[in-house]
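K.L.:
Positions in the sequence shown are counted from 1; adding 44 to them yields our numbering.
Structure provided below as structure tokens; questions to follow.
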Amino acid sequence: MSDLFNLSTDLSTHSDILTESARRTLSTQAQALANLANQVTEEFPKAVRMILASKGRTIICGMGKSGLIGKKIAATLASTGTPSFFLHPGEAFHGDLGMIQPEDVLVLISFSGETEELMRLLPSLKSFGNPSIAMVGNTDSTLAKHCDCVLDLSIDKETCPNNLAPTTSTTMTTAMGDALAVALMECRNFQPQDFARFHPGGSLGRKLLTRVKDLMHKDNLPVCAPETTLKDAITVMTYGRMGVVLIQQAGKLLGIFTDGDLRRAMLKESEGMIHKTMASLMTSNPKTINENVMIVQAEEQMLHDKITLLVVVDDTNNVSGILEIYDR
Numbered sequence: 045m046s047d048l049f050n051l052s053t054d055l056s057t058h059s060d061i062l063t064e065s066a067r068r069t070l071s072t073q074a075q076a077l078a079n080l081a082n083q084v085t086e087e088f089p090k091a092v093r094m095i096l097a098s099k100g101r102t103i104i105c106g107m108g109k110s111g112l113i114g115k116k117i118a119a120t121l122a123s124t125g126t127p128s129f130f131l132h133p134g135e136a137f138h139g140d141l142g143m144i145q146p147e148d149v150l151v152l153i154s155f156s157g158e159t160e161e162l163m164r165l166l167p168s169l170k171s172f173g174n175p176s177i178a179m180v181g182n183t184d185s186t187l188a189k190h191c192d193c194v195l196d197l198s199i200d201k202e203t204c205p206n207n208l209a210p211t212t213s214t215t216m217t218t219a220m221g222d223a224l225a226v227a228l229m230e231c232r233n234f235q236p237q238d239f240a241r242f243h244p245g246g247s248l249g250r251k252l253l254t255r256v257k258d259l260m261h262k263d264n265l266p267v268c269a270p271e272t273t274l275k276d277a278i279t280v281m282t283y284g285r286m287g288v289v290l291i292q293q294a295g296k297l298l299g300i301f302t303d304g305d306l307r308r309a310m311l312k313e314s315e316g317m318i319h320k321t322m323a324s325l326m327t328s329n330p331k332t333i334n335e336n337v338m339i340v341q342a343e344e345q346m347l348h349d350k351i352t353l354l355v356v357v358d359d360t361n362n363v364s365g366i367l368e369i370y371d372r
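Here it is, written out as structure tokens:
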């Protein structure tokens with residue numbers, strides 16, 4: 045058994061050994077990645093051109109750990125502008141080959157290049173005639189010899205102390221998949237807005253696709269007239285639960301009065317304050333934002349102006365809602 049299973053009960057010794065193990069693993073993989081960068085040849089741009097030229101999908105196929113990495117690569121490609129999906133070689137052998145269309149490009153992953161399930165598929169895949177890219181750790185392997193393009197993932201050894209468990213090899217496969225995705229993004233000039241279209245549920249998607257009108261409060265807005273007294277305005281503000289009242293007349297916004305304004309007014313003058321009107325206390329010409337502006341721009345404006353809410357107006361400059369800084 046390894047030293048790890050023969051440790052004494054001294055916790056400091058455990059910590060030293062485990063820390064050293066982590067550093068060794070990470071350093072080994074970092075060096076392998078550096079070596080992989082030097083292994084990139086003209087086969088890489090060839091693979092990128094093959095995918096760009098395809099009018100179909102990029103189909104990723106691999107078994108075991110290669111399959112798990114393949115699923116990640118397919119997901120990354122699909123979310124960055126390259127239509128892609130993962131095809132399980134076992135399922136492919138039992139009917140899922142029908143998912144492959146003539147316009148598709150195949151990316152076959154096998155570190156050994158001799159994975160049995162892929163070898164069984166090769167005759168069928170060759171008969172289909174689809175362009176094929178091999179991601180292998182052995183460029184002399186059967187898979188490499190039967191593909192149109194070969195991406196070299198060869199390494200000196202796995203990080204696994206027994207040189208058995210896929211560790212460094214899976215890191216290399218993931219990195220090469222990322223390199224393909226990034227190169228394709230650059231070729232397509234893939235922008236944050238494009239990324240957001242495929243990630244509408246993520247924070248970036250919400251920021252880049254959501255407009256102010258999608259998040260603003262628009263029902264039961266706290267509104268009062270300029271002649272409303274502070275006493276009554278406080279009731280409206282409390283009911284509105286946004287710490288603000290909008291002062292309007294004939295449908296037009298005249299000003300706002302916030303809970304901050306209330307505190308400052310009470311500190312400045314408390315005698316008879318409760319009977320003063322909004323016309324004398326409100327902030328005139330408050331900051332507004334159009335309802336069709338993107339939410340990210342509204343957030344930037346609030347942060348720049350150090351305010352927590354904006355009055356939202358429509359294209360005719362009528363009030364349509366209130367936006368708070370945390371409405372996302």
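Cβ atoms here follow ideal geometry from the backbone N, Cα and C, with glycine treated the same way.
Any contact between the stretch 223-234 and the stretch 183-193? By contact I mean 3 or more CB pairs, one from each, below 8 angstroms.
P.N.:
no
K.L.:
Within its chain, find whatever has a CB closer than 8 angstroms to the CB of M94; leave out the 5 residues flanking it on each side and keep chain order.
P.N.:
Within the sequence shown, residue 94 is the residue found at index 50, counting from 1. V149, P175, I177, D192, C193, listed in sequence order.
K.L.:
Of the residues D349, K350, S364, which one's Cα is nearest the Cα of V356?
P.N.:
What you label residue 356 is simply residue 312 of the sequence shown in a count that begins at 1. Answer by Cα proximity: S364.
K.L.:
Going by other Cβ atoms of all chains shown within 10 Å of its Cβ, with 16 needed for buried, is C204 buried or exposed?
P.N.:
In the sequence shown, counting from the first residue as 1, residue 204 sits at position 160. C204 comes out exposed.
K.L.:
Can S154 and L162 be called in contact, C-beta distance under 9 angstroms?
P.N.:
Mapped onto the sequence shown, residue 154 falls at position 110. Mapped onto the sequence shown, residue 162 falls at position 118. Their beta carbons are under 9 angstroms apart, which means S154 touches L162 by this criterion.
K.L.:
Quick one: Cα of G299 to Cα of P330, how far?
P.N.:
Within the sequence shown, residue 299 is the residue found at index 255, counting from 1. Within the sequence shown, residue 330 is the residue found at index 286, counting from 1. Spanning the two alpha carbons is a distance of roughly 6 angstroms.
K.L.:
Count the other CB atoms within 10 Å of the CB of V256; is the residue buried (16 or more) or exposed (fewer)?
P.N.:
Residue mapping note: residue 256 aligns to position 212 of the sequence shown, counting from 1. By the neighbour-count rule (16 or more Cβ atoms within 10 Å), V256 is buried.
K.L.:
Suppose you measure from the CA of D303 to the CA of M326; what does that come to, to the nearest Å?
P.N.:
Here residue 303 corresponds to residue number 259 of the sequence shown, with the count starting at 1. Here residue 326 corresponds to residue number 282 of the sequence shown, with the count starting at 1. Computed Cα separation, rounded: 11 angstroms.
K.L.:
Between K116, H261, T159, which has its C-alpha nearest L354's C-alpha?
P.N.:
Stepping through the sequence shown from its first residue, residue 354 is reached at position 310. Of the candidates K116, H261, T159, H261 places its Cα closest to the Cα of L354.
K.L.:
Quick check on DSSP: helix, strand or coil for C231?
P.N.:
Residue 231 sits at position 187 when you count from the first residue of the sequence shown. C231 falls in the helix class under three-state DSSP.
K.L.:
What is the C-beta distance between M179 and M143, in whole angstroms, given that I count them as a contact (C-beta under 8 angstroms)?
P.N.:
As a first step, residue 179 is located in the sequence shown; it is residue number 135 there, counting from the start. As a first step, residue 143 is located in the sequence shown; it is residue number 99 there, counting from the start. About 20 angstroms separates the two Cβ atoms, so there is no contact after all.
K.L.:
Is S168 buried or exposed, if buried means 16 or more other CB atoms sit within 10 Å of its CB?
P.N.:
Translated into positions along the sequence shown, residue 168 becomes position 124. Exposed.
K.L.:
Assess, as a yes-or-no matter, whether the stretch 117-136 is touched by the stretch 84-94 under the definition of 3 or more beta carbon pairs within less than 8 angstroms.
P.N.:
no
K.L.:
Using a Cβ-Cβ distance cut-off of 9 angstroms, determine whether L265 contacts chain C.
P.N.:
In the displayed structure, chain C is absent; only one protein chain is listed.
K.L.:
Kindly indicate which residue of S213, P266, L141 has the alpha-carbon position closest to the one of Q75.
P.N.:
Counted from its first residue, the sequence shown places residue 75 at position 31. Nearest C-alpha to Q75: S213.
K.L.:
What is the rounded straight-line gap between the Cα of A373 and the Cα of L274?
P.N.:
Because the chain in this structure spans residues 45 to 372, residue 373 falls outside the shown range and cannot be described.
K.L.:
Touch check for the stretch 270-286 and the stretch 328-346: three-plus C-beta pairs under 8 angstroms?
P.N.:
Fewer than three beta-carbon pairs drawn from the stretch 270-286 and the stretch 328-346 are found closer than 8 angstroms, and the two stretches are therefore not classed as touching.
K.L.:
Throw me the rounded Cβ distance for the G157 and G181 pair, which I believe falls under 8 angstroms.
P.N.:
Start at 1 with the first residue of the sequence shown, and residue 157 comes out as number 113. Start at 1 with the first residue of the sequence shown, and residue 181 comes out as number 137. That belief holds up - the Cβ atoms of G157 and G181 are roughly 7 angstroms apart, short of 8 angstroms.
K.L.:
In this structure, does DSSP put G142 in helix, strand or coil?
P.N.:
As a first step, residue 142 is located in the sequence shown; it is residue number 98 there, counting from the start. Under the three-state reduction of DSSP output, G142 falls in the helix class.
K.L.:
Cβ of Q145 within 9 angstroms of Cβ of G100?
P.N.:
Counting from one through the sequence shown, the residue named residue 145 turns up at place 101. Counting from one through the sequence shown, the residue named residue 100 turns up at place 56. Going by C-beta atoms, Q145 is nearer than 9 angstroms to G100.
K.L.:
The alpha helix (DSSP H) spanning A323 covers which residue range?
P.N.:
Walking along the sequence shown from the start, residue 323 turns up at place 279. Following the DSSP letters along the chain, one finds A323 inside the alpha helix (DSSP H) bounded by residues 322-325.
K.L.:
Quick one: give me the first and last residue of the alpha helix (DSSP H) that Q341 is part of.
P.N.:
The residue you call residue 341 lines up with position 297 of the sequence shown. Start and end: 339-349.
K.L.:
Over the uninterrupted alpha helix (DSSP H) stretch that includes D305, give me the two end residues.
P.N.:
Counting from one through the sequence shown, the residue named residue 305 turns up at place 261. Element bounds for D305: 303-312.
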